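In this note's numbering, the protein residues as written are 278 to 456.
Here's what the structure looks like:
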């Protein structure tokens with residue numbers, strides 16, 4: 278099927294310009310997902326996450342506009358607490374994709390599900406970093422309002438024994454001043 282073909286190493290080498298090798302599958306399509314994320318090594322010799330939209334979503338012009346807008350909006354951000362977007366485009370069959378930094382951790386949702394409640398101190402550190410990411414977005418010349426802050430869109434990595442927070446998924450963000 279086309280879904281299986283899209284994530285084959287040879288397919289990525291052949292159809293998505295600049296990608297040398299498929300490193301590891303990170304997340305499979307599920308019935309409710311719109312995309313699959315895989316790790317790849319890019320031509321810039323950086324390991325990245327490649328997010329590829331399902332074919333039926335890539336063919337939908339409204340969805341395509343929204344995803345390309347999300348990529349454009351998120352690419353304006355470069356702070357330590359925002360998921361970095363590197364590149365975007367369509368492959369030779371029209372499939373939408375974009376590349377972003379790999380998050381080696383879990384979502385806050387996953388952490389809450391596995392650990393239950395968190396200490397007040399940890400929550401304060403996490404929320405402080407979320408605020409840093411939002412302050413960057415709100416402080417741009419054309420401020421960005423995320424509009425979908427929730428545990429599933431907050432990613433945590435361990436860095437020197439501490440949580441490093443990354444805010445992602447700017448899919449329904451509002452750029453103030455845009456119509």
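Note that the Cβ used here is the ideal one computed from N, Cα and C, for glycine as well.
Values in this document were obtained by computation on a predicted structure and should not be read as measured data.
In this structure, residue 447 keeps its C-beta atom at 8 Å or more from the C-beta atom of residue 325. Of the candidates 333, 362, 354, the residue whose Cα lies closest to the Cα of residue 379 is 362.
With respect to residue 423, residue 412 sits apart: the two C-beta atoms are not nearer than 8 Å. Taking 8 Å as the cut-off, the beta carbon of residue 433 is found no closer than this to the beta carbon of residue 390. Of the candidates 453, 358, 393, 372, 358 places its Cα closest to the Cα of residue 403.
Residue 345 and residue 365 do touch by the CB rule: their CB atoms are close to 7 Å apart, below 8 Å.
In the displayed model, residue 358 falls within coil according to three-state DSSP, outside both helix and strand. DSSP places residue 440 in no alpha helix (DSSP H) but in the uninterrupted beta strand (DSSP E) bounded by 439 to 444. In the three-state DSSP reduction, residue 367 falls in the strand class (E or B). By the neighbour-count criterion, in which 16 or more other beta carbons inside 10 Å mark a residue as buried, residue 417 falls on the exposed side. By the criterion of a C-beta distance shorter than 7 Å, residue 406 is surrounded in its chain by 358, 442, once the five residues flanking it on both sides are discounted.
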